[in-house]
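Engineer: Numbering (the numbering used here), first residue to last: 4 to 248. Even for Gly, the Cβ is constructed at its ideal location relative to N, Cα and C. Nothing here was measured: the structure is a model prediction, and the numbers come from that model.
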Amino acid sequence: MGEHSSHRERATLDMLRALGGSSRTAELANALNVSEETVRRNVKRLAGQGLAFRARLNAQKGAKRRIGQAVAAIIPNGASLFLDTGTTSIYVAEALAARKNLTIITNSLEVAWRLGRDAAHQVMLAGGALRASDGGAYGAEAMDYLRRFTPDFAIVSVAGITVQGFGQFDAAEADLGRVMLAQARTAIAVADATKFERNAPISLGEPGQFALLVTDQPAPEPIAKAALHWGVDLHIAPPKLKDAK
Numbered sequence: 004m005g006e007h008s009s010h011r012e013r014a015t016l017d018m019l020r021a022l023g024g025s026s027r028t029a030e031l032a033n034a035l036n037v038s039e040e041t042v043r044r045n046v047k048r049l050a051g052q053g054l055a056f057r058a059r060l061n062a063q064k065g066a067k068r069r070i071g072q073a074v075a076a077i078i079p080n081g082a083s084l085f086l087d088t089g090t091t092s093i094y095v096a097e098a099l100a101a102r103k104n105l106t107i108i109t110n111s112l113e114v115a116w117r118l119g120r121d122a123a124h125q126v127m128l129a130g131g132a133l134r135a136s137d138g139g140a141y142g143a144e145a146m147d148y149l150r151r152f153t154p155d156f157a158i159v160s161v162a163g164i165t166v167q168g169f170g171q172f173d174a175a176e177a178d179l180g181r182v183m184l185a186q187a188r189t190a191i192a193v194a195d196a197t198k199f200e201r202n203a204p205i206s207l208g209e210p211g212q213f214a215l216l217v218t219d220q221p222a223p224e225p226i227a228k229a230a231l232h233w234g235v236d237l238h239i240a241p242p243k244l245k246d247a248k
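(1) Under DSSP, the alpha helix (DSSP H) around S38 begins and ends at which residues?
(2) Can you look up Q220 in the DSSP assignment and give me helix, strand or coil?
(3) Residues in its own chain within less than 8 Å of P221 by CB, not counting five upstream and five downstream?
(4) Cα separation between K243 and E40?
(5) With distances taken Cα to Cα, identify the nearest neighbour of Q212 among L86, V235, A140.
(6) What are the boundary residues of the beta strand (DSSP E) that includes D178?
(7) Starting from G208, trace the alpha helix (DSSP H) in both directions and tell me its first and last residue.
(8) Assuming L84 and A157 are in contact, meaning their beta carbons sit under 8 Å apart, how far apart are those beta carbons, in whole angstroms?
(9) Kindly indicate which three-state DSSP category Q72 falls into: helix, strand or coil?
(10) Using CA coordinates, which residue listed in E209, P225, V193, L216 is at the minimum distance from S92?
(11) Flag this pair as touching only if the region 158 to 170 and the region 181 to 191 have three or more C-beta atom pairs under 8 Å; answer yes or no.
(12) Would P241 be called buried (16 or more neighbouring beta carbons within 10 Å of its own) or exposed?
(13) Kindly give me the distance between the Cβ atoms of V95 and V126, rounded to whole angstroms, as I take these residues to be in contact under 8 Å.
(14) Starting from T91, trace the alpha helix (DSSP H) both ways and give me its first and last residue.
(15) Considering only the alpha carbon of each residue, which of L207, Q167, G89 lies closest to H137?
(16) From the DSSP output, in three-state form, read off K228 for me.
(17) Under the three-state reduction of DSSP, which class applies to L149: helix, strand or coil?
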């Protein structure tokens, strides 16, 4: 992407903010003195570079926050864990801030920022190719870094759950997830109920690698039966948020 295109996209974003976060294409085009097609093209590119991630982060916020607190209740002080870049994992990180003396290994700038500000925790951030859309580091370098660790837990935010198992839509996220599953002593899948019966086609491998699925609603009967067969326990987050202890 050229510097001129990047400047136009940034101007579009700045104007969106000035107009309160939303506006008609014609209004933006007039304010920026460009064509409506240019506005549509720039907004589409921006969506792929981070705005879409923020939208996903805000979707099902209450459910994800409950899941985060439920996971934090499972993780003891002093534990070590992997956390990935998934939006539910961000809420897990938020809840884990109340714990003490954790060692967090992550490829997510967002996770590192939320937990690294507290001197009570040690955050280990993987290097690699940084992706603008979610602030995650990916590729061989990031995976090699994760293979240095054998933490107590891996917490993996999955994109879809069917009777075939757990999946992701993104190949790079799936690659990182497989490394986390292979290295950790206990693996926990996190997903809100919208992920049930959603076919994310890139498999994370044998579903029995997960010890636990933390979600916000009971699973549909076919998935509940499949989880029993896999040996994966289903944990439903409490319906009301509680102050972390």
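Structural biologist: Quick answer:
(1) Where S38 is concerned, there is no enclosing alpha helix (DSSP H), given that its DSSP letter is neither H nor E.
(2) coil
(3) A227, L237, I239
(4) Spanning the two alpha carbons is a distance of roughly 46 Å.
(5) Considering only L86, V235, A140, the residue with the shortest C-alpha distance to Q212 is V235.
(6) Not the beta strand (DSSP E): D178 falls in the alpha helix (DSSP H), residues 174 to 186.
(7) Here G208 belongs to no alpha helix (DSSP H), and DSSP marks it neither H nor E.
(8) 7 Å
(9) helix
(10) Checking every option, the nearest Cα to that of S92 belongs to V193.
(11) yes
(12) exposed
(13) No, V95 and V126 are not in contact; Cβ-Cβ is about 14 Å, not under 8 Å.
(14) Its alpha helix (DSSP H) spans residues 90 to 99.
(15) Sequence inspection shows Asp at residue 137; the His mentioned does not correspond to that position. Nearest option by C-alpha distance: G89.
(16) In the structure shown, the three-state DSSP call for K228 is helix.
(17) In this structure, L149 counts as helix in the three-state DSSP scheme.
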